[in-house]
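Be aware that the sequence shown starts at 1, since it is given in the UniProt record's numbering, and climbs by one per residue. This report concerns only the one structure given below.
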Amino acid sequence: MKKNEQVEKENEALRRRIEELESYHGSSLPAPLSPTKDASPHTSVRDVQRKGSMVSSEKTEVARLMAELKTLKNDYETEVKVKEKVLKDYEALMVEMTDTTDEMAEKEKIIEKLEGEIKSQKALLAGYESLGQKLAEMSASL
């Protein structure tokens, strides 16, 4: 349970950072200026360089976020696979065992808990996919 809460916090932090980057990119950063094409008589080389370095730092931040997101996603995919294997093994054990009703009920609760955790983590993975797509779109637009 605590791990899910930690992941939710990390997820929310990533979402906030993405929104911050999107709002920053959308409002403050017009398309990068090309010194030859877009330069007006009032645009200095320093303005063009500053805007270029802002875009470069944004691209670096997006790349860092994408790498972090990929790591989190890979960790959760591995964890889901492990839990699915444990669940299958546990279900196979239940078929073979002849336990009392109380013991069977306890094992069914464990199976339900595992199924719930797997479902929750798959939902998080879907969220990571969505965040990854937004980051890729953002990176392409920078």
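Here a beta-carbon is modelled for each residue, glycine too, at the ideal position from N, C-alpha and C. Computed from a predicted model, the values in this text were never measured in an experiment.
- Message: Does the contact criterion of 3 or more C-beta pairs under 8 Å hold for the segment 104-116 versus the segment 130-142?
- Response: At 8 Å Cβ cutoff, the stretches do not touch.
- Item | Extent of the continuous alpha helix (DSSP H) to which L131 belongs | On the sequence shown, position 131 is the one that residue 131 refers to. Taken as a continuous stretch (DSSP letters only), the alpha helix (DSSP H) holding L131 covers 101-141.
- Spatially closest choice to T71 from M138, L125, K119, E106, by CA coordinates: Here residue 71 is taken as the residue at index 71 of the sequence shown, counted from 1. Minimum Cα distance to T71 is reached at L125.
- Query: Straight-line CA distance for E8 to L21?
  - Reply: Residue numbering aside, residue 8 sits at position 8 when the sequence shown is read from its first letter. Residue numbering aside, residue 21 sits at position 21 when the sequence shown is read from its first letter. So the two alpha carbons sit approximately 20 Å from each other.
- What do you reckon, are the CB atoms on I111 and E96 nearer than 8 Å? On the sequence shown, residue 111 is found 111 positions in, with the first residue counted as 1. On the sequence shown, residue 96 is found 96 positions in, with the first residue counted as 1. No, they are not a contact pair.
- Task: Compute the Euclidean distance between the alpha carbons of E12 and E5, then round it to the nearest angstrom.
- Result: As a working note, residue 12 is residue 12 in the sequence shown. As a working note, residue 5 is residue 5 in the sequence shown. Whole-angstrom Cα-Cα distance: 10 Å.
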